[in-house]
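Residues in the sequence shown are numbered from 241 upward in steps of one, following the working numbering.
Just below is one structure, and these are the notes that go with it.
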Amino acid sequence: MFDKLEAVEERYEELTKMISDPEVIANQAEWQKLIKEHSSIEEVVQKYREYKKEKQRMEDAKEMMEDKELKELAEIDYYEAKEKLPHIEEELKALLIPKDPNDDKNIICEIRGGAGGEEAALFAGTLFRMYSMYAERKHWKIEVLNENETELGGYKEISFMVNGKGAYSRLKFESGVHRVQRVPDTESSGRIHTSTATVAVLPVVEDVEIEINPADIKMEVFRASGAGGQHINKTSSAVRLIHEPTGIVVECQTERSQLQNREYAMKMLRSRLYNIEKEKQDSEIANARKTQVGSGDRSEKIRTYNYPQGRITDHRIGMSIFQMENFLNGDLDEMIDNLIAADRAERLKGEEE
241 MFDKLEAVEE
251 RYEELTKMIS
261 DPEVIANQAE
271 WQKLIKEHSS
281 IEEVVQKYRE
291 YKKEKQRMED
301 AKEMMEDKEL
311 KELAEIDYYE
321 AKEKLPHIEE
331 ELKALLIPKD
341 PNDDKNIICE
351 IRGGAGGEEA
361 ALFAGTLFRM
371 YSMYAERKHW
381 KIEVLNENET
391 ELGGYKEISF
401 MVNGKGAYSR
411 LKFESGVHRV
421 QRVPDTESSG
431 RIHTSTATVA
441 VLPVVEDVEI
451 EINPADIKME
461 VFRASGAGGQ
471 HINKTSSAVR
481 LIHEPTGIVV
491 ECQTERSQLQ
501 NREYAMKMLR
511 SRLYNIEKEK
521 QDSEIANARK
531 TQVGSGDRSE
541 KIRTYNYPQG
551 RITDHRIGMS
561 IFQMENFLNG
571 DLDEMIDNLI
581 AADRAERLKG
591 EEE
């Protein structure tokens, strides 16, 4: 580990010189790339320097302990540093785990009503509201890309983009099947129903990250359905893209302009295709591990929302929260923090094996 840390520190010092070089600064594309790399390793370098400082403090104190007059003070320094070092070492191990390259990206989130008919569609609407309120707490921006609303106000499906720093890092573990147990408003006998909705969280990717052959895309235009005013309903502004090699279909109908809808639909298609490749890689990694916090598998039941007990249980980490109202109003950080910690611990274990 320490050889790796030495190499990271050397690279950091090299980058520090490079980003101050006028010739490098003149090439803005290269300079931005180096700045990003410099920033990405800064935390681990600062922590490693803290480790070396405490280690040196301990060694100096050990020498001073031989002097009778300084022994008492030296012992305090020695044992303080000795106590700190293992904690810093653990932090360094965590910092050395490779960072998910998508963590800082915006996301496209797709929610679909699953088993349970109208109640499943209403639950999809509950989840959309929950994520919208969480985004509001984080000062992120939400843009609805496509929606298929039901008569009772639920969604057969809804796709939306979340723009904000770290959106993917915070929401990536939401992918999977969400199950709800509650008495529907339409149930006169008070019987509890179980319904599901699926959530897919996809990083927004750029053209350079995934190449799509224009000849593989079939585009259809149609009139937008649902709310939107006279203009939206009378013109064929909605766009449907069909990626023929994979059969993936994406639609966008929330913008007035066909051009804008096509642009958003392309973002959705790129994210879907990128996610297929990512799932293959994640599956290969998962096969080398005994357990995994989140594979992004949409068929995996990840969480249950039990209304009668006021309980939300995440089945991957066995964690339950008894604050249903707060949770559904976007207070997700406690659950998300625990999912991130569990994933980090799992990856750390994988690094050590």
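Think of the CB as a built atom: it goes at the ideal place given N, C-alpha and C, for glycine as much as any other residue.
Beta-carbon proximity check, residue i vs residue j, cutoff 8 angstroms
| i | j | result |
| --- | --- | --- |
| M575 | I348 | no |
| L680 | F400 | The question about residue 680 has no answer, for the chain in this structure spans 241 to 593. |
| V461 | A478 | yes |
| F368 | L579 | no |
| T390 | E359 | no |
| N342 | Y408 | yes |
| N346 | G404 | yes |
| L458 | I488 | As written in the sequence, residue 458 is Lys, which differs from the Leu given in the question. No. Outside cutoff. |
| E249 | K287 | no |
| G394 | A364 | yes |
| I450 | Y504 | no |
| M298 | G570 | no |
| E491 | R480 | yes |
| V445 | S511 | yes |
| L255 | E270 | no |
| E283 | L335 | yes |
| I382 | V402 | yes |
| K333 | M241 | yes |
CA-to-CA distance, residue j to residue i, given in whole angstroms
| i | j | result |
| --- | --- | --- |
| T486 | E350 | 18 angstroms |
| S497 | R543 | 38 angstroms |
| I265 | Y252 | 17 angstroms |
| E387 | K396 | 8 angstroms |
| G468 | M564 | With a pLDDT of only 40 at G468, under 50, the local geometry of the prediction cannot be trusted, and the value read off the model is given with reservation. Taking the straight line from one Cα to the other gives about 33 angstroms. |
| L568 | N546 | 12 angstroms |
| I259 | D307 | 46 angstroms |
| R584 | D573 | 16 angstroms |
| E540 | E315 | 54 angstroms |
| K295 | E320 | 11 angstroms |
| F562 | H555 | 15 angstroms |
| E484 | D456 | 6 angstroms |
| R352 | S372 | 16 angstroms |
| P424 | K322 | 59 angstroms |
| S415 | D344 | 17 angstroms |
| K589 | P326 | 17 angstroms |
| Q549 | E427 | 18 angstroms |
| E376 | A440 | 20 angstroms |
| K273 | I281 | 13 angstroms |
| S279 | L362 | 43 angstroms |
| Q532 | S560 | Only weak support is given to the placement of Q532: the predicted model assigns it a pLDDT of 48, under 50, and the value that follows is read from those uncertain coordinates. One C-alpha to the other measures close to 18 angstroms. |
| V420 | G430 | 15 angstroms |
| K530 | E586 | Interpretation of K530 is limited by its pLDDT of 44, a score under 50 that renders its predicted location unreliable; the figure taken from the coordinates is listed afterwards. Rounded to whole angstroms, K530 to E586 spans 9 angstroms at the Cα level. |
| I337 | R551 | 33 angstroms |
| Y318 | I328 | 16 angstroms |
| W380 | P443 | 15 angstroms |
| S535 | K520 | Bear in mind that the predicted position of S535 carries a pLDDT of just 44, short of 50, making it too unreliable to give a figure here. |
| D300 | L310 | 12 angstroms |
| I472 | T366 | Note on I472: pLDDT 41, under 50, position unreliable in the model; the coordinate value appears next. One C-alpha to the other measures close to 26 angstroms. |
| Q470 | N501 | Low per-residue confidence applies at Q470: pLDDT is 38, beneath 50, and the placement is therefore not dependable, though the value from the model is reported in the following sentence. Approximately 17 angstroms between the Cα atoms of the pair. |
| D243 | A581 | 26 angstroms |
| V275 | K518 | Sequence inspection shows Ile at residue 275; the Val mentioned does not correspond to that position. Their backbone Cα atoms lie some 26 angstroms apart in a straight line. |
| D577 | K339 | 16 angstroms |
| S435 | N566 | 21 angstroms |
For residue i: DSSP bridge partner residues
| i | result |
| --- | --- |
| L481 | M459, V490 |
| D583 | Bridge partners of D583: none, in fact. |
| A437 | G353, H418 |
| P443 | I347 |
| K541 | V417 |
| E389 | Y395 |
| N546 | Q421, R551 |
| V384 | F400 |
Residue interval of the alpha helix (DSSP H) (run including residue i)
| i | result |
| --- | --- |
| V395 | Checking the sequence, you will find Tyr at residue 395 rather than Val. Careful: Y395 lies outside any alpha helix (DSSP H), inside the beta strand (DSSP E) at 395 to 403. |
| K292 | 268 to 304 |
| M258 | 242 to 258 |
| S409 | 407 to 411 |
Element boundaries [beta strand (DSSP E), containing residue i]
| i | result |
| --- | --- |
| D571 | It is not in any beta strand (DSSP E) - D571 carries neither H nor E in the DSSP assignment. |
| M559 | 559 to 561 |
| D554 | 551 to 554 |
Ordered list of beta strand (DSSP E) runs contained in the stretch 306 to 382, each at least 3 residues: Along the length of the stretch 306 to 382, whole beta strand (DSSP E) runs at least 3 residues long occupy 347 to 353, reported in chain order.
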